Amino acid sequence: MTTAAPAPKANMGQPIPRYDAVAKVTGRAQYASDMPLRDPAYAYLVTSAIAKGRIDSFDLSEAQKVRGVVDIVTHENAERLEPAKFFSDGGYASTTNQPLRTAEIAEEGQIIAVVLADTYEAAREAAHRVKVSYTAATPTTSFHSAGTIAARAKGQVKRFKDDPKVGDFNTAFEEAEVKITAEYETPPQHHNPMELFTTSVAWNGDSLTIYEPSQFVYGLKNGVATQLGIDPDQVRVINPYVGGAFGSKGSMTPRTAIIASISRRLRRPVKLVATRDQGFNVSTYRAETRHRVDLGARRDGKLTALRHEGWEISSRADAYCVGGTRTTTRMYDCPNVDSAVWIVRADRNTPGFMRSPPEVPYMFALESAMDELAHQLKMDPIELRRVNDTTREPIGGKPYTSRSLMACFDEGAKAFGWAQRNRQPRSMSDGDWLIGYGCATTCYPTQMAPAAARVRLRHDGRARVEIAGHELGTGAYTVIAQAAATRLDVPVEKVTVVIGDSDLPPAPVAGGSNSTASTCSTVMMVCDQVRQRLFKALMPNESLSDKAKETVGVGQTPSGRAARSDQPLDREKAFDALGVNVIEEYGEWKPEGAPQDSFRAMHSGLVRIVGGPDFSGRIAYAFGADFVEVRVNRFTHEVRVPRVLGAFAAGHIMNPRTARSQLMGGLIWGVASALHEATELDERYARYVNDNLADYLVPVNADIPQVDVILLSEDDAHINPAGVKGLGELGNVGTNAALSNAIFHATGQRIRTLPVRLEKIEA
Amino acid sequence: MRSFAYQRAADPAAAIQALAAASAGNNPLTEAEIQPLAGGTTLLDLMKLDVMRPRAIVDINPLSPAWATVSLENGNLRLGAMARMADVAANPEIQQNYPVVADSLKFAASAQLRNMATLGGNVLQRTRCTYFRDISYEACNKRNPGSGCAAMDGFNRTHAVLGTSDKCIATYPGDFAQALIALDASVDITGRAGTRTIPFAELHKAPGDTPQLETTLAPGELISGFTIRGRWPRSAYLKVRDRQSYEFALASAAIALDVEDGTVRDARVALGGVATLPWRARGAEAELKGQKFDDALAERVAEIAFEGASARSHNEFKIALGKRVVARALHQAVTMEI
Ligand SMILES: Cc1cc2nc3c(=O)[nH]c(=O)nc-3n(C[C@H](O)[C@H](O)[C@H](O)COP(=O)(O)OP(=O)(O)OC[C@H]3O[C@@H](n4cnc5c(N)ncnc54)[C@H](O)[C@@H]3O)c2cc1C
Ligand code: SF4
């Protein structure tokens, strides 16, 4: 075993190498924009230079002269597409601000023209030569600008049903022995996945094929069909690999239907690769947030009152919010809780999901406040969490399906050397460098959604699994292959996995960390159907559930391989008995508590996610503990992060290698979200200033010398057949708080506004 | 990006010949219709962004063997303009005798860029002002003379506090130039009228009323190399930035000292990341000379280095940071073992 492939502990699968590793490192893996098209027209976007106002006129004369230009589409000649409904109102779209309809501009970077040409270069040159005259109005940029409209999220956003509260916060806070009130801010951030936002389309008669990096091929297929007014069965979305997404490729953006409609009109395939800077507006982003947290506690640390109020930016067009109070109000045992979430509208593009959407900003606030409280109580921050640990969430009193938070803190603390920490801030140093240790709780709701799969098994043990899942670099191929191999009791090398194609049985959006739990639970169920048929062929009179345990592994717990057949020929015998060479099964699985319409919705590209606080009778979360060491230069105030460590428990771990990789990436992103990543706004114009990868800072290798991931064994029988909690978004929650808590410990200065830039450090 | 003609120059004479037409018209160098192409890491970048729009480029890479030599003879360092940043940074003689040169290159850009980029192109790299690099902002006096300056009241955290004018506050972003100006380097220039040599300090121009005029090179002229007289083993480059690699300086200092028995006999101080052009802090140098080095002196020197600095809304911190960087860099140079 190497560091990259940690040895499995109890209830963990094997750390086998990635299914797609060789294809990826040899360049054989084809991403959406690699797909060959026959004689495509290349599209280049022209986007708005103002955030609010209108287009007075275009001067296209220079652009049209560029050799190779085929067409220039503006609102004056674009096809009228059907409006796109916002995803959270039951539609598919990331925004309802549909470009190319009128001369009105509602956000910076809005698509205002599409140039089509025979080559990418000609399209780009012509796009640069398009001249636009605007009448600009003064936009509202963010919280501090004039003209914002703030309203409670409750009532505006369907998913956000209510503000969690319990007990009597006001009285309890008033009477609390120790109190903390603090305000925090997190900046806008953009996903910037390595793979750009691309769309390639080709029509064959009335049928449309779309190659586009997507976290949800069924959503995109149905969404585009709606906008084009065609039958969804005529649309196929293909993307076997996605080059990073992080939420930015989850909902349908306006570009896809636009490009498809242009292709239909031109009768020619069209290929769009939006540029990096266009990507800041073509898709969504994590909007900036503000928080106020009030904590009241007894002197022994027991929380008596907790209130969390959050403000989030959204666009004029759409009410989007992440509403992380649903998590922060349930993290610790506290009898008196209150909360509120506000949406503040500005002249911006609509924000959207970005890795751990609610937890990254909201847990930053809560976990910073917990650290402030610990400091005031002169208490170790881990002990403060221990005093307030719980097996039931305080709002509805529901039990956690499992919760290994303190085990994570304890193992993490031991490995990190937390005991060497002197609790006094500014007490540790090494030459020019002040040293600080910080920690924080990390958590992520366990979520699942209905899915379907088709499994084919041949007599020789070769198997093929088909499911419209998504490989975002997370390891989806690998864990699906492992689930099938284990369940069918065939070597994993014999399993072929086909995903990323909307002609396959539907799977949910690869978001909310539900993918592994949903797809593996489904695949396991369908594999059981296959085995059921084999078993019946051999033992028509026996019940599968008892007998099969001795044959080929059915009925095994997800934690390990159950009794394996001594006679691998059983399978062959069964095939002989059936008199066939291949059997195939299709099945649809839904998690406990999924609504009635789940399966129908699933086929229409609508997701019915259950889990987290909204689970039947229980509350389901994965937990972890993050530890960060920082060094702050006394003179220059540069911040270095020599070490990050996370200890996590997330139910059954399908593959410790891919799990570690996800969590490690999450921790790195967590450091980035505290120290580096921020989209800067020009307050005057509501425009993103640093919209490129030279100026939008992400950490480089030199910034991240050491990251340690500890996986804890955890068995959870209440969540789903795979026993999987999901950990794609667990890693980058709380890291920002752990880091800024470490900076407080190093310097004695609390920085409540992210990112921590060196000029914010005073001493 | 606009379509352009591409031409390869086999030797200096051919390059000068090919560039001759560049001097036609009255354009500033950066707007010249014909541009030499070295590593291309600035030029092609800006062409793709449609900021620079040459009609033709003349690839001068074939000049590399002759113009890429690095030699240390009679105590003088001669650096060919086509030498790659990575090669010079890795040169042991330079590391030993001119640490400030090696470090200014080593701490710049990324490994890939340093492999491509040349010293000549490096000193001519253009500002990273985001409003300059984004043509959708009309107001940029440097790109679009007379149009105003979007950065002045915009997001200007990375902008300059020294050498600014009311027309432009764009930072000169390079690192290597700070080493050259500190060490009194000279620049060899070749053009149609023959060759000339000027002090490096006379290569760049402050923005003043004409930020579009960045250097004193005439269109069609080429830099062939740089010369540094004397050795500077006690020299250092300290660079502070938002991440530890692949990032421009928020503030940096190039320091070279001659210290005997704790007394500073000669001193050079140049500042990066804070000024509109390569910046020599002569007042600071004067303060150092003849003095016993201690922390109080370092702080006094740092104060002098930033006399007259003026900030806009987001870059005020650079003045305090810059001073601390100067003091720390002096400390580093004084205490280094040579
Ligand atoms: C992402 C990124 C990060 C960077 N970070 C840093 C950093 O931290 N520090 C730093 O110092 N630099 C940094 N750079 C800038 C980089 O160092 C320069 O782009 C590079 O040195 C330019 O050299 P080149 O040979 O590629 O020049 P080119 O792009 O070929 O040329 C630049 C300009 O000089 C002209 N030119 C080139 N050679 C000559 C010559 N011999 N005579 C006359 N004119 C000539 C060209 O016509 C052009 O106008 C960074 C660049 C990028 C893209
Ligand atoms: S600072 Fe200079 S380069 Fe930047 S916008 Fe102003 S004029 Fe243009």
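One line per chain: the protein sequences are A and B, in this order. Mapped onto the numbering used here, the consecutive letters of the first sequence carry residue numbers 1 to 763. Mapped onto the numbering used here, the consecutive letters of the second sequence carry residue numbers 764 to 1101. Just so you know, even glycine gets a beta-carbon here, dropped at the ideal spot from N, CA and C. All figures in this text were calculated on a predicted structure; none of them were measured in a lab.
What first and last residue would you give for the alpha helix (DSSP H) that runs through K811 (chain B)? Counting from 1 along the second sequence, the entry for residue 811 (chain B) is found at position 48. Bounds of the alpha helix (DSSP H) holding K811 (chain B) are L806 to K811.
Find the nearest neighbour of V1032 (chain B) within the set B:D1024, B:V1022, B:E1048 and B:T1026, judged by alpha-carbon distance. By 1-based counting over the second sequence, the position of residue 1032 (chain B) is 269. It is B:E1048 whose Cα lies nearest to the Cα of V1032 (chain B).
Straight-line CA distance for S735 (chain A) to V360 (chain A)? Position 735 of the first sequence, counted from the start, is the residue given in the question as residue 735 (chain A). Position 360 of the first sequence, counted from the start, is the residue given in the question as residue 360 (chain A). According to the sequence shown, residue 735 (chain A) is Thr rather than Ser. Whole-angstrom Cα-Cα distance: 8 Å.
For A768 (chain B), count neighbouring C-beta atoms within 10 Å of its own C-beta (all shown protein chains included) and say buried if the count is 16 or more, exposed if not. In the second sequence, residue 768 (chain B) corresponds to position 5, counting from 1. By the 10 Å Cβ count, A768 (chain B) comes out exposed.
Can you tell me which of the three DSSP states Q189 (chain A) falls into? The residue labelled residue 189 (chain A) in the question sits at position 189 within the first sequence. Three-state DSSP puts Q189 (chain A) in a strand.
For K811 (chain B), count the other beta carbons within 10 Å of its own beta carbon; 16 or more makes it buried, fewer makes it exposed. Which is it? Residue 811 (chain B) sits at position 48 when you count from the first residue of the second sequence. So K811 (chain B) counts as exposed.
Start-to-end residues for the alpha helix (DSSP H) that takes in Y211 (chain A): Start at 1 with the first residue of the first sequence, and residue 211 (chain A) comes out as number 211. Note, Y211 (chain A): premise wrong, no alpha helix (DSSP H); beta strand (DSSP E) at S207 to Y211.
Neighbourhood of A407 (chain A) by C-beta distance below 7 Å, restricted to the same chain and skipping five residues each side: Within the first sequence, residue 407 (chain A) is the residue found at index 407, counting from 1. Contacts found: A649 and L712.
Between I986 (chain B) and ligand 1, is there a pair consisting of the residue's CB and a ligand heavy atom that are separated by less than 6 Å? On the second sequence, residue 986 (chain B) is found 223 positions in, with the first residue counted as 1. Under cutoff, so the answer is yes.
DSSP three-state label for I779 (chain B), please. Walking along the second sequence from the start, residue 779 (chain B) turns up at place 16. In the structure shown, I779 (chain B) sits in a helix (DSSP, three-state: H, G or I).
Got a sec? Which residues, its chain only, sit under 7 Å from R264 (chain A) by beta carbon, not counting five neighbours each side? As a first step, residue 264 (chain A) must be located in the first sequence, where it is residue number 264. Taken in chain order, the residues that qualify are W203.
List the whole-angstrom C-beta distance separating A722 (chain A) from F627 (chain A), where the pair is believed to meet the contact cut-off of C-beta under 8 Å. Stepping through the first sequence from its first residue, residue 722 (chain A) is reached at position 722. Stepping through the first sequence from its first residue, residue 627 (chain A) is reached at position 627. Separation of the CB atoms of A722 (chain A) and F627 (chain A) is rounded to 29 Å, and the pair is thereby denied contact status at 8 Å.
Could you name the residues of chain A that R765 (chain B) contacts, counting a contact when the two beta carbons are closer than 7 Å? Residue numbering aside, residue 765 (chain B) sits at position 2 when the second sequence is read from its first letter. Per Cβ cutoff of 7 Å: E125.
Pull the bridge partners of H144 (chain A) from the DSSP assignment, please. Start at 1 with the first residue of the first sequence, and residue 144 (chain A) comes out as number 144. In the DSSP output, where bridge partners are listed per residue, H144 (chain A) has none listed.
With distances taken between CB atoms, is the gap from T890 (chain B) to A933 (chain B) smaller than 7 Å? One-based indexing of the second sequence puts residue 890 (chain B) at position 127. One-based indexing of the second sequence puts residue 933 (chain B) at position 170. Cβ atoms of T890 (chain B) and A933 (chain B): closer than 7 Å.
How many angstroms separate the CA atom of L1168 (chain B) from the CA atom of F635 (chain A)? Residue coverage of chain B in this structure runs from 764 to 1101, which leaves residue 1168 (chain B) outside it and unanswerable.
Min CB distance Y1009 (chain B) to chain A below 7 Å: Counted from its first residue, the second sequence places residue 1009 (chain B) at position 246. Yes - at least one Cβ of chain A is within 7 Å of the one on Y1009 (chain B).
Which of helix, strand or coil does DSSP assign to A548 (chain A)? Here residue 548 (chain A) is taken as the residue at index 548 of the first sequence, counted from 1. Summary for A548 (chain A): the model assigns pLDDT 46, below 50, so the residue's position carries little reliability, and this model does not support an answer.
Please write down, chain order preserved, every residue whose beta carbon lies under 5 Å from a heavy atom of ligand 2. B:C892, B:Y894, B:F895, B:C903, B:N904, B:K905, B:C912, B:A913, B:A914, B:C931, B:I932 and B:A933
List the residues of chain A that G1035 (chain B) touches, going by C-beta distances under 9 Å, in chain order. As a first step, residue 1035 (chain B) is located in the second sequence; it is residue number 272 there, counting from the start. Residues of chain A passing the Cβ test: none, with the nearest at roughly 14 Å.
How about L697 (chain A): is its C-beta nearer than 7 Å to some C-beta of chain B? Locating residue 697 (chain A) in the first sequence gives position 697, counting from the first residue. So, interface residue.
Cβ-based burial, A852 (chain B) [other Cβ within 10 Å; buried from 16]: Residue mapping note: residue 852 (chain B) aligns to position 89 of the second sequence, counting from 1. With 16 or more other Cβ atoms within 10 Å, it is buried.
Three-state class that DSSP yields for M354 (chain A) in the structure shown: By 1-based counting over the first sequence, the position of residue 354 (chain A) is 354. Coil.
Ligand 1 heavy atoms versus the CB of L806 (chain B): any closer than 6 Å? Reading the second sequence from its first residue, position 43 is the one you call residue 806 (chain B). Yes, the beta carbon of L806 (chain B) sits closer than 6 Å to at least one heavy atom of ligand 1.
Partner residues on chain B for N690 (chain A), Cβ-Cβ distance less than 9 Å: Against the first sequence, residue 690 (chain A) aligns to sequence position 690. Per Cβ cutoff of 9 Å: T893 and F918.
From A:T329, A:H308 and A:M448, residue whose alpha carbon lies closest to that of E393 (chain A): Counting from one through the first sequence, the residue named residue 393 (chain A) turns up at place 393. Of A:T329, A:H308 and A:M448, the residue nearest in Cα terms is A:T329.
So, helix, strand or coil for K536 (chain A), using DSSP? In the first sequence, the residue the question calls residue 536 (chain A) occupies position 536. Residue state, collapsed to three classes: helix.
Should P974 (chain B) be listed as close to ligand 3, given that the test is whether its C-beta is under 6 Å from any heavy atom? As for ligand 3, it is missing from this structure, which binds only ligand 1 and ligand 2.
For D233 (chain A), three-class secondary structure by DSSP: Within the first sequence, residue 233 (chain A) is the residue found at index 233, counting from 1. Reduced to three states, the DSSP call for D233 (chain A) is helix.
Counterpart residues of W311 (chain A) in DSSP-defined beta bridges: Numbered from its first residue, the first sequence carries residue 311 (chain A) at position 311. According to DSSP, W311 (chain A) bridges with A:R290 and A:W342.
Min CB distance V224 (chain A) to chain B below 7 Å: Locating residue 224 (chain A) in the first sequence gives position 224, where the first residue counts as 1. Not one chain B Cβ lies under 7 Å of V224 (chain A).
Give the C-beta separation of G883 (chain B) and I986 (chain B) to the nearest angstrom, bearing in mind that I take them to be a contact with Cβ-Cβ under 8 Å. Here residue 883 (chain B) is taken as the residue at index 120 of the second sequence, counted from 1. Here residue 986 (chain B) is taken as the residue at index 223 of the second sequence, counted from 1. About 4 Å separates the beta carbon of G883 (chain B) from that of I986 (chain B), a gap short enough to meet the 8 Å contact definition.
Taking a contact to mean a Cβ-Cβ separation below 7 Å, would you say G1036 (chain B) touches A1014 (chain B) in this structure? In the second sequence, counting from the first residue as 1, residue 1036 (chain B) sits at position 273. In the second sequence, counting from the first residue as 1, residue 1014 (chain B) sits at position 251. Contact: yes.
M654 (chain A) beta carbon less than 7 Å from that of T516 (chain A): In the first sequence, residue 516 (chain A) corresponds to position 516, counting from 1. In the first sequence, residue 654 (chain A) corresponds to position 654, counting from 1. Yes; because the gap between Cβ atoms is below 7 Å, this pair is in contact.
Report the partner residues of G587 (chain A) according to the DSSP bridge assignment. Within the first sequence, the letter at position 587 stands for residue 587 (chain A). Beta-bridge pairing links G587 (chain A) to A:A453.
Pull up the distance between the alpha-carbon of A686 (chain A) and that of P139 (chain A), whole angstroms please. Start at 1 with the first residue of the first sequence, and residue 686 (chain A) comes out as number 686. Start at 1 with the first residue of the first sequence, and residue 139 (chain A) comes out as number 139. Taking the straight line joining both Cα atoms gives about 6 Å.
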